[in-house]
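Below is one structure; the comments refer to it alone.
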């Protein structure tokens with residue numbers, strides 16, 4: 100590189116330093132010094148190189164100038180604008196990504212998942228829902244689904260009944276399955292909850308009033324076997340369930356007619372409802388049907404009197420929780 104070219108390079112860095120501050124100014128001056136020193140190695144008497152070198156060294160030794168207030172305002176405003184742009188971009192990206200995630204979750208929740216894909220899909224669904232939990236991107240469907248995942252420990256979620264209830268309660272009453280699930284939690288005493296028929300009744304009533312047929316059957320069980328027995332109310336709820344072809348409603352109506360709970364015992368009526376339940380696949384109903392319809396007594400004459408407590412068979416729908424587990428399955 101010739102002396103002229105080195106001098107031009109030095110001048111270029113020196114002039115650039117005049118519009119800079121801080122670290123950038125220092126770097127530009129050091130570059131200029133480097134070129135001026137190279138010129139003086141070739142021509143030790145080069146006047147311009149000497150003069151500019153002295154200026155550069157003086158600038159490098161000078162204390163840093165205080166940051167002017169007007170500069171602070173100017174750069175602060177620029178920083179604020181850039182910050183708002185970045186926040187806006189982040190929010191837009193979060194919103195569009197989240198909207199697509201929730202759209203996929205809802206479509207998948209209502210679809211049939213192949214058995215071999217279940218673990219992978221459940222894990223992905225939980226990851227996406229949990230990512231946006233407690234944000235306004237969640238709606239009734241996704242809050243209900245996330246509650247279900249926490250209740251059952253599905254998709255990698257650690258089972259947590261309190262979290263399940265929290266998400267179920269975010270769901271509007273117009274989505275009654277959530278109230279039904281909370282009722283089941285308190286009815287059976289799942290997780291860290293003790294059985295509480297009063298709380299269960301509250302949620303089952305909300306669910307029943309919004310169209311969950313099986314909730315009527317649970318209300319009947321509460322009045323049949325709970326702390327505040329009311330056989331007439333139990334019968335009313337079983338009849339509501341039975342009228343909508345709910346199999347456990349059929350079964351429990353058969354039970355109260357067999358044993359005379361709030362009604363005159365009637366083996367023929369019991370047999371009618373047991374038969375409806377048996378046709379819908381309840382094994383206990385077939386056993387009960389054989390009990391009230393013995394082949395040797397087609398007239399049912401031996402079943403006309405109400406049974407005393409010593410004669411009553413154990414209530415299958417509450418015995419050992421086997422039947423209750425059937426009731427707790429998803430509708």
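Residue numbers (our numbering): 100 to 430. The beta carbon of each residue, even a glycine, is placed where N, CA and C say it ideally should be. Bear in mind that the values here come from a model prediction, so they are computed numbers and not experimental data.
Which of the three DSSP states, helix, strand or coil, is assigned to residue i?
| i | result |
| --- | --- |
| residue 418 | Because the pLDDT of residue 418 is 37, which lies under 50, any placement of that residue in the model is unreliable, and the number read from its coordinates should be weighed accordingly. In the structure shown, residue 418 sits in coil (DSSP, three-state: anything other than H, G, I, E or B). |
| residue 409 | Since pLDDT at residue 409 reaches only 32, below the 50 mark, its modelled position is unreliable, and the value read off the structure follows with that caveat. In the structure shown, residue 409 sits in coil (DSSP, three-state: anything other than H, G, I, E or B). |
| residue 392 | coil |
| residue 160 | helix |
| residue 397 | Because residue 397 carries a pLDDT of 38, less than 50, the predicted location of this residue cannot be relied on, and the following value inherits that uncertainty. Residue 397: coil per DSSP, three-state reduction. |
| residue 383 | helix |
| residue 296 | helix |
| residue 100 | coil |
| residue 111 | helix |
| residue 120 | coil |
| residue 58 | There is no way to answer for residue 58, as the model of the chain reaches only from 100 to 430. |
| residue 257 | coil |
| residue 126 | helix |
| residue 142 | coil |
| residue 308 | helix |
| residue 274 | coil |
| residue 154 | helix |
| residue 404 | Only weak support is given to the placement of residue 404: the predicted model assigns it a pLDDT of 36, under 50, and the question is left unresolved by the model. |
| residue 269 | coil |
| residue 105 | helix |
| residue 423 | Below a pLDDT of 50, predicted positions are generally treated as unreliable, and residue 423, at 44, falls in that range; no measurement from the model is reported. |
Which whole-angstrom value describes the C-beta separation of residue i and residue j, a residue pair presumed to lie in contact below a C-beta threshold of 8 Å?
| i | j | result |
| --- | --- | --- |
| residue 325 | residue 337 | Not really, about 14 Å apart at Cβ, beyond 8 Å. |
| residue 113 | residue 151 | 6 Å |
| residue 334 | residue 355 | 6 Å |
| residue 340 | residue 313 | 7 Å |
| residue 484 | residue 286 | Since the first residue shown for the chain is 100 and the last is 430, residue 484 is missing from the structure and cannot be characterised. |
| residue 389 | residue 353 | Wrong, their Cβ atoms sit about 12 Å apart, outside the cutoff. |
| residue 204 | residue 234 | Contact doesn't hold; Cβ gap of about 13 Å is too wide. |
| residue 360 | residue 384 | The Cβ separation is near 17 Å, so there is no contact. |
| residue 246 | residue 267 | 4 Å |
| residue 138 | residue 127 | With 8 Å as the limit, residue 138 and residue 127 do not qualify as a contact, their Cβ atoms being about 17 Å apart. |
| residue 379 | residue 346 | 4 Å |
| residue 200 | residue 231 | 7 Å |
| residue 196 | residue 224 | Their Cβ separation, rounded to whole angstroms, is 16 Å, which puts residue 196 and residue 224 out of contact at 8 Å. |
| residue 260 | residue 284 | 6 Å |
| residue 483 | residue 109 | The requested residue 483 does not occur in the structure, where the chain is confined to residues 100 to 430. |
| residue 125 | residue 159 | 7 Å |
| residue 373 | residue 391 | 7 Å |
On the criterion of 16 or more Cβ atoms from any shown chain inside 10 Å, does residue i qualify as buried, or is it exposed?
| i | result |
| --- | --- |
| residue 119 | exposed |
| residue 331 | exposed |
| residue 156 | exposed |
| residue 105 | buried |
| residue 357 | buried |
| residue 270 | buried |
| residue 375 | buried |
| residue 209 | exposed |
| residue 296 | buried |
| residue 202 | exposed |
| residue 272 | exposed |
| residue 316 | buried |
| residue 377 | buried |
| residue 116 | buried |
| residue 311 | buried |
| residue 47 | It is not possible to answer for residue 47, since the shown part of the chain is limited to 100 through 430. |
| residue 366 | buried |
| residue 264 | buried |
| residue 243 | buried |
| residue 179 | exposed |
| residue 307 | buried |
| residue 398 | Only weak support exists for where residue 398 lies, its pLDDT of 37 falling under 50; the coordinates are left without a value. |
| residue 132 | buried |
| residue 143 | exposed |
| residue 237 | buried |
Cβ of residue i less than 8 Å from any chain B Cβ?
| i | result |
| --- | --- |
| residue 157 | The chain inventory of the structure shown lacks chain B, comprising one protein chain alone. |
The stretch 250-262 contacting the stretch 287-296, beta-carbon criterion three pairs below 8 Å: Yes, they touch.
Cβ contact (3+ pairs, closer than 8 Å) linking the stretch 183-197 and the stretch 207-219: No contact exists between the stretch 183-197 and the stretch 207-219.
Alpha helix (DSSP H) runs wholly inside the stretch 173-254, at least 4 long, in chain order: Within the stretch 173-254, the runs of alpha helix (DSSP H) at least 4 residues long that lie entirely inside it are, in chain order, 217-230 and 239-251.
Those runs of the beta strand (DSSP E) which lie wholly inside the stretch 320-375 and span at least 3 residues: The qualifying runs do not exist here; there are none.
Segment contact flag, the stretch 296-312 with the stretch 278-285, C-beta cutoff 8 Å, min 3 pairs: The count of Cβ pairs closer than 8 Å, one atom from the stretch 296-312 and one from the stretch 278-285, reaches three, so the stretches are in contact.
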